[in-house]
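Colleague: According to numbering that gives the first Met the number 0, the sequence shown is numbered sequentially starting from 0. Glycine included, C-beta positions come from ideal geometry on N, C-alpha and C. From a predicted model like this one, the values you see are computed outputs, not experimental measurements. Shown below is the structure under consideration.
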Amino acid sequence: MDKIRILIVEDESLVARDIENMAVSQGYEVCGIASTGDQSIEMAAQFQPDLVLMDVIIKGSLDGISTAEKIWDSYRIPIIYVTAYADEHTLKRAKITEAFGYILKPFDERELKIAIEMAYYKSRMGTKLREREEWLSALLKSIGDGVIATDKSGTITFMNPLAERLTAWHQEEALRQPLREVFRTVVSRDGDEPEIVLWARNGKKFSIEETNMPMSDGRNNSSGHVLVFRDISARKSAEKELKESWEKLHEALEGTIQAMALTIEIRDPYTAGHQRRVSKLSCAIAQDLGMSEFEVEGLRVAGDIHDIGKIYVPAEILSKPGQITAIEYGIIKTHPQVGYDILKTIKFPWPVAEIVLQHHERLDGSGYPLGLVAEHILKQARILTVSDIVEAMSSHRPYRPAQGIDKALAEVVQNKGRFYDTDAVDACVKLFQENRFHFTEEVRA
0 MDKIRILIVE DESLVARDIE NMAVSQGYEV CGIASTGDQS IEMAAQFQPD
50 LVLMDVIIKG SLDGISTAEK IWDSYRIPII YVTAYADEHT LKRAKITEAF
100 GYILKPFDER ELKIAIEMAY YKSRMGTKLR EREEWLSALL KSIGDGVIAT
150 DKSGTITFMN PLAERLTAWH QEEALRQPLR EVFRTVVSRD GDEPEIVLWA
200 RNGKKFSIEE TNMPMSDGRN NSSGHVLVFR DISARKSAEK ELKESWEKLH
250 EALEGTIQAM ALTIEIRDPY TAGHQRRVSK LSCAIAQDLG MSEFEVEGLR
300 VAGDIHDIGK IYVPAEILSK PGQITAIEYG IIKTHPQVGY DILKTIKFPW
350 PVAEIVLQHH ERLDGSGYPL GLVAEHILKQ ARILTVSDIV EAMSSHRPYR
400 PAQGIDKALA EVVQNKGRFY DTDAVDACVK LFQENRFHFT EEVRA
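This is how it looks when you write it as structure tokens:
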């Protein structure tokens, strides 16, 4: 560790040498001895000592206290006063200069060492504190948030430049003002969610986010608050534009889906409305099973177009009143794969193409087109399968009359766990038993 370097200011040479000897014997380095105020200022500038031992009464136009004041103001070198006088007036003047210690003549080596070590420690801590304050001040000035500090009574003690700009208050004007006078906010409920609006002094308004943090002293007593806030007006505007864009995109997507659904229903008038009825029942089942709103919406979309692949099936087969041949049935069985091929390139936020592909699969692997078994079939597809069976059996078809809802429910109950998902079947049956769902005729404009 480097030695503490000391400048001695004493106009009596014998006393100065005596102080020097004591300091050196205690392990300190004496970088110079000055006898006048002017000389000590020059030596302080030249040597930049760690401490100055300053006699209060020295020769020349400047006494020790005036000299110490100049050295401190110019070089921030800590001062220890050495004096034989301790009158009240001298002490009062010395305190003004932020002295780091006092030694009364005569003193011994131990007293000198204690004074030097205490002053040096105090100086180092003060330097670190100033550096920390300067760093913190620079940080607060450059930070991208507004910062306002208050004392425990709510009176403003600090504002950074961004807080000044957002509130339209200069720090000099805001200091000692109550926070509520400078930081005026209201809660706006104009949008979908409440938001905090800052009313600036110049009449401007900003949507903001804020965080209010309490400050405490070393004994956990409240010493004030720090309020950190940011302007989120641009973000709110971007969110609004994004929402509007999404709504337009959703409308376009919905229009496309309904156009696709209408296309197949025009070719197959006997199943008009089938897809939408299946979709509605599927959504009701999914909601009862606790699926998320996002998942339910994806199931609705898939349900609305789950038979889109029938566009590949000749209309005369779809509307054939009698029994169909094995070849014709083979053509009909291609519709899940065709539907998948049509939809797979569309970037839905849900696995719509996969749901459509799997809606004729069965838990035991006896379904088509892939022969998937339970764990490989999407939950949404299992729900759609149950809804499809129930709606199809309860509705009229060109090759048979409607069999009724009771028979349709009996089919899925009898084969749940084998062909059909147990949870989906139980939820479906419960919906009808509790009269919370019924099929309605779908009429398109």
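Using alpha carbons as the reference points, say which of V55, I76 and E68 lies closest to Q457.
Modeller: Only positions 0 to 444 of the chain appear in the structure, and residue 457 is not among them; the question remains open.
Colleague: Short of 6 Å in beta carbon distance, which residues of its chain neighbour E448, apart from the five on each side in sequence? Order them along the chain.
Modeller: Any answer about residue 448 is impossible in this case: the structure gives the chain only from 0 up to 444.
Colleague: Report buried or exposed for S39, applying the criterion of at least 16 other Cβ atoms within 10 angstroms of its Cβ.
Modeller: The residue is buried, with at least 16 neighbouring Cβ atoms inside 10 Å.
Colleague: Could you pull out every unbroken alpha helix (DSSP H) segment of at least 4 residues lying fully inside the region 214 to 243, listed in chain order?
Modeller: Runs found: none.
Colleague: Can you tell me whether G366 is buried or exposed? The criterion is at least 16 other CB atoms within 10 Å of its CB, across all chains shown.
Modeller: Result: buried.
Colleague: Is the CB-CB distance between I256 and V312 below 7 Å?
Modeller: Their beta carbons are not under 7 Å apart, which means I256 does not touch V312 by this criterion.
Colleague: Identify the continuous alpha helix (DSSP H) that holds G36 and give its terminal residues.
Modeller: Segment G36 to F46, the alpha helix (DSSP H) holding G36.
Colleague: Work out the CA separation of S222 and P61 for me, nearest whole Å.
Modeller: Here residue 61 turns out to be Leu, not Pro, going by the sequence shown. Approximately 42 Å, taken between the alpha carbons.
Colleague: Can you find the residues in the same chain that come closer than 8 Å, C-beta to C-beta, to T421, ignoring five residues on each side of it along the sequence?
Modeller: For T421, where only same-chain residues beyond five positions count, the Cβ hits under 8 Å are K415.
Colleague: Taking DSSP as the reference, what is the three-state secondary structure of M392?
Modeller: Reduced to three states, the DSSP call for M392 is helix.
Colleague: Determine the contact status of N201 and A173, defining contact as a CB-CB distance below 7 Å.
Modeller: No, the pair does not count as a contact, with Cβ atoms beyond the cut-off.
Colleague: Sort T439, V351 and E28 by Cα distance to S279 and report the nearest one.
Modeller: The sequence given here has Lys at residue 279, not Ser. Measuring from the Cα of K279, the nearest candidate turns out to be T439.
Colleague: Run through DSSP, which three-state label would I195 get?
Modeller: It is a strand residue.
Colleague: State yes or no: is the C-beta of R4 nearer than 6 Å to some heavy atom of the ligand SAM?
Modeller: Judged by which ligands are present, the structure shown has none, so any question about the ligand SAM falls away.
Colleague: Could you check how far apart the C-beta atoms of A162 and V185 are, in whole angstroms? I think they sit under 8 Å.
Modeller: About 18 Å separates the two Cβ atoms, so there is no contact after all.
Colleague: Nearest to I3 by alpha carbon, out of D10, G26, A15 and A285?
Modeller: Selected option, being the one with the closest Cα: G26.
Colleague: I need the straight-line Cα distance from E390 to R276, nearest angstrom please.
Modeller: Near 7 Å, if we compare the C-alpha coordinates of R276 and E390.
Colleague: Enumerate in chain order the residues of its own chain whose CB-to-CB distance from I310 is below 6 Å, with the five nearest sequence positions on each side excluded.
Modeller: Excluding sequence neighbours, I310 sits near I263.
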